[in-house]
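Student: Numbering (UniProt numbering), first residue to last: 1 to 797.
Don't be surprised by glycine CBs; every beta carbon is placed ideally from N, CA and C.
Please read all numbers here as calculations on a predicted model, not as lab measurements.
1) Between residue 507 and residue 355, which are expected to be in contact by the criterion C-beta below 8 Å, what is the C-beta distance as a whole number of angstroms?
2) Looking at C-alpha atoms only, which residue of 558, 583, 622 is the closest neighbour of residue 598?
3) Identify whether residue 379 lies in helix, strand or coil by the three-state DSSP scheme.
4) Using 8 Å as the cut-off, can you tell me whether the stretch 95 to 104 makes contact with the stretch 184 to 204, which would need three or more C-beta pairs spanning the two stretches below that distance?
5) I need the DSSP call for residue 182, collapsed to helix, strand or coil.
6) Taking C-beta to C-beta, are residue 218 and residue 246 nearer than 8 Å?
7) Based on the DSSP output, what are the partners of residue 579 in its beta bridges?
8) Since residue 610 contacts residue 555 with CB under 8 Å, what's their CB separation in whole angstroms?
9) Quick one: residues in its chain with C-beta nearer than 6 Å to the C-beta of residue 138, no 5 flanking neighbours on either side, listed in chain order?
10) Where does the unbroken alpha helix (DSSP H) through residue 347 begin, and where does it stop?
11) Rounded to a whole number of angstroms, what is the C-alpha to C-alpha distance between residue 871 and residue 325?
12) For the beta strand (DSSP E) that contains residue 490, what are its first and last residues?
13) To the nearest angstrom, how far is the alpha carbon of residue 319 from that of residue 332?
14) Expressed to the nearest angstrom, what Euclidean distance is found between the alpha-carbon atoms of residue 150 and residue 98?
15) Quick check: the stretch 167 to 183 against the stretch 130 to 149, are there 3 or more CB pairs under 8 Å?
16) Run through the stretch 275 to 302 for me and flag every whole alpha helix (DSSP H) of 4 or more residues, listed as ranges in chain order.
17) Beta-carbon within less than 8 Å of residue 171's beta-carbon, same chain only, minus the 5 sequence neighbours each way: which residues are those?
18) For residue 351, count neighbouring Cβ atoms within 10 angstroms of its own Cβ and tell me buried if that reaches 16, exposed if not.
19) Count Cβ pairs between the stretch 397 to 416 and the stretch 262 to 273 that sit closer than 8 Å; are there 3 or more?
20) Once the 5 residues before and after residue 392 are set aside, which same chain residues still bring their CB inside 6 Å of it?
21) If the criterion is Cβ atoms closer than 8 Å, does the pair residue 346 and residue 448 meet it?
22) Where DSSP assigns a beta bridge to residue 26, which residues make up the other side?
23) In terms of residues, what are the limits of the beta strand (DSSP E) holding residue 258?
24) Identify the residues that DSSP records as bridge partners of residue 315: which are they?
25) Do the stretch 440 to 459 and the stretch 276 to 296 make contact, defined as three or more Cβ pairs closer than 8 Å?
26) Near residue 123, which residues of its chain fall below 8 Å by C-beta distance, leaving aside the five closest residues on each side in sequence?
27) Going by DSSP, what residue range makes up the beta strand (DSSP E) through residue 162?
28) Looking at the structure shown, is residue 236 part of a helix, part of a strand, or coil, going by DSSP?
29) With H, G and I counted as helix, E and B as strand and the rest as coil, what does DSSP make of residue 521?
30) Tell me the rounded alpha-carbon separation between residue 17 and residue 39.
31) Does residue 120 get closer than 8 Å to chain B when you measure Cβ to Cβ?
32) So which of 308, 184, 95, 198 has the shortest CA-CA distance to residue 520?
33) If you run the structure through DSSP and keep just helix, strand and coil, what is residue 171?
34) Using only the alpha-carbon positions, how far apart do residue 25 and residue 197 sit?
35) Measure the CB-CB distance between residue 514 and residue 305 and report whether it falls below 8 Å.
36) According to the Cβ coordinates, are residue 571 and residue 546 closer than 8 Å?
Next up, the structure:
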């Protein structure tokens, strides 16, 4: 038979067929193979018919909207239902229900023996006939009970079977509790008064005791006051009793009657009669009540692995130590007390179809986008190496590209996380913030709490459960040890535990079953690197390739790209932080087609894969390389610090040797004194004025009078004509060099008297002590000792 051909259905003439809310009686099957149904309303057949095919029946059965009750409209069943026996015995216990059926069978057999024409004995309701009926049918009815319930009736009470020699009664217990004639007569009367309904034999213990002990008005007040128990202020039962007493006191004052009190048990019984849903909604609100009473649905149904992956983060209920395990063992008590305690954040992803955990990240910081991206990356790659690192025995090969990734509305799943998912080709969906929209991952986190119970330092779910337990003081597990424990728990425990949602199949077995013929789509290396790699723009490309963190990357396809871009080109790199053995170079759009033809293997989309020139960087992570470089740099700094000390000490020794040699040879000091500086400064100013064509002496401030130092006895005259301004300035209107404007020294001739006066004036001025801050005059000697370079003023290297 074809898979698309519906099976042929066969129904009985007295079968009742339910299609949705409608009830039908089966009539017949016509010549076309269709089924004729007659409508029945409240047990009465109507003059309305319906035709239905086998295909339509199959569709209704698929929707679970079709039900058949065989022989419902049979004559015997109609006779029973004609009695209108609508007794509700669902609230009875198993023993009470069996007792009801036991009594009902005795009454049925008695009426059958009394009314059946084929019966040889028609008993009346007399003690003699009833005793004869019991002795005749008790074995048969007992066999019926054994067939119905597969166990005998309990033993009956002791009855008198004779007398002993002393005239005392001899009693024996009945083999089973068959009724006495008077008991059977009472059963028959109850059954008749109840209209031949089973409810006649239902226990009525609830009717025991004195009824209506409270006044009607008091009862009305209690019923009104207990409604306040369903209030958002969450009053206690004692508060409701106080409210009842207040209202009754008001009524008593109006009636002028003595005080009557209501007990707490009376109020409690009335509160217990309230509808639980009503009480929960009044005391805790609509949302909590709906979550508590709403029936659990089947959720989203998926057909293939990685069709739906749910992702979320959870703060673990365990305090961990933010320190390395080896360091912790070597610490003293004071140092251990200063170590920071943290609660790790677990970001996990679960495959809804197989219930396997396909992504994981454990971070000691608050929820963040980098942690979420790290968990997203583990979804796309094999995690067997991670499982071995944690000491797990089973592999962790579950990976692929999800068809749909579902997270909450947290900020960590926005921005860069969304871009990374898009670059991997993953459809990213943010459902309603309600955690029930991601029930599978929430259920896994509840199960993951078992990991915390293996170690000390639990924080528990709330302060009430925590009590006086100091989690920080009892923290004993480091962050790295907890990370390994979580991974080992997932791989070896959770994946191998029978799951109720998988019909007691383990997640690993479900993965192997569903991936035997179907393998999830994979994320390419280019997609993964572009999504999770570090971008480094504007890197120089030359004949040495590209350089990143002192690692050279080069290849033949890269040299071809260099020919197209030129030796001074800048390119963008994408670095994989988990593997520095290769980088991806972004190829401009203009040359992508050419590079795909030249290097089809190395080209991944718009990126060119370039390996490291040194193969030892293959598989090395960025963190390992940076730590190694930091160690090298620290070594270099220490060596330079030692060599720097040697160099400084050598320079100091050479400087002292030079000074001693100069003193020994009588050479003046090379250092510039304040006196030398004040001699040179006016000379520099005069040369500046001379180069600009101004009078070099006109603006010279000359002290005179008693306030001055010394007395002018003569002034020398210019022996050389003043040059014209036009001759001093060059064609570019720039002043010539000061050395070029310096006047030539006078010829060696016999000194004139005025020259001797100048010399005498200088001698006279030299006899007076001038302060270091005085300004020299124009007649000061032009000889100034020229300072030479110190040894330390040269290049050190």
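Tutor: A quick look at the data gives this:
1) A Cβ-Cβ separation of about 4 Å places residue 507 in contact with residue 355 under the 8 Å criterion.
2) With distances taken between Cα atoms, residue 598 lies closest to 558.
3) Three-state result, residue 379: helix.
4) At 8 Å Cβ cutoff, the stretches touch.
5) It is helical.
6) Cβ atoms of residue 218 and residue 246: not closer than 8 Å.
7) Paired residues: 576.
8) Taking a contact as a CB-CB distance under 8 Å, the pair residue 610 and residue 555 counts as one, their CB atoms being some 5 Å apart.
9) Hits under 6 Å: 178.
10) First-last for residue 347: 345 to 351, but that is the beta strand (DSSP E), not the alpha helix (DSSP H).
11) Within the shown structure, residues of the chain are numbered from 1 to 797, placing residue 871 beyond reach of any answer.
12) Note, residue 490: premise wrong, no beta strand (DSSP E); not H, not E.
13) Using only the alpha carbons, I get a separation of about 20 Å.
14) Between the alpha carbons of residue 150 and residue 98 lies a distance of about 12 Å.
15) The stretch 167 to 183 is in contact with the stretch 130 to 149.
16) For the stretch 275 to 302, whole alpha helix (DSSP H) runs of length 4 or above, ordered along the chain, are 276 to 284, 286 to 293.
17) Leaving aside the five residues that flank residue 171 on each side, the residues in its chain whose CB is nearer than 8 Å to its CB run, in chain order, 158, 159, 160, 161.
18) It is buried - the Cβ of residue 351 has at least 16 other Cβ atoms within 10 Å.
19) Not touching, per the Cβ criterion.
20) Around residue 392: 488, 491, 492.
21) Cβ distance < 8 Å, so residue 346 and residue 448 count as in contact.
22) DSSP, once it has assigned bridges, lists 37 as partnering residue 26.
23) In the DSSP annotation of this structure, residue 258 is not part of any beta strand (DSSP E), being labelled neither H nor E.
24) Looking at the DSSP assignment, residue 315 forms a beta bridge with 345.
25) Remark: fewer than three beta-carbon pairs, one from each stretch, lie closer than 8 Å, so the stretch 440 to 459 and the stretch 276 to 296 are not flagged as touching.
26) Excluding sequence neighbours, residue 123 sits near 110, 113, 114, 129, 130, 132, 133.
27) From DSSP, the beta strand (DSSP E) with residue 162 extends over 158 to 163.
28) For residue 236, the secondary structure class from DSSP, reduced to helix, strand or coil, is coil.
29) Note: residue 521 maps to coil in three-state DSSP.
30) CA-CA distance, residue 17 to residue 39, rounds to 9 Å.
31) Within the model displayed, chain B is absent; a lone protein chain is all it includes.
32) Among 308, 184, 95, 198, the Cα nearest to that of residue 520 is on 308.
33) Strand at residue 171.
34) Taking the straight line joining both Cα atoms gives about 26 Å.
35) Yes, these two residues count as a Cβ contact at 8 Å.
36) With respect to residue 546, residue 571 sits close: the two C-beta atoms are nearer than 8 Å.
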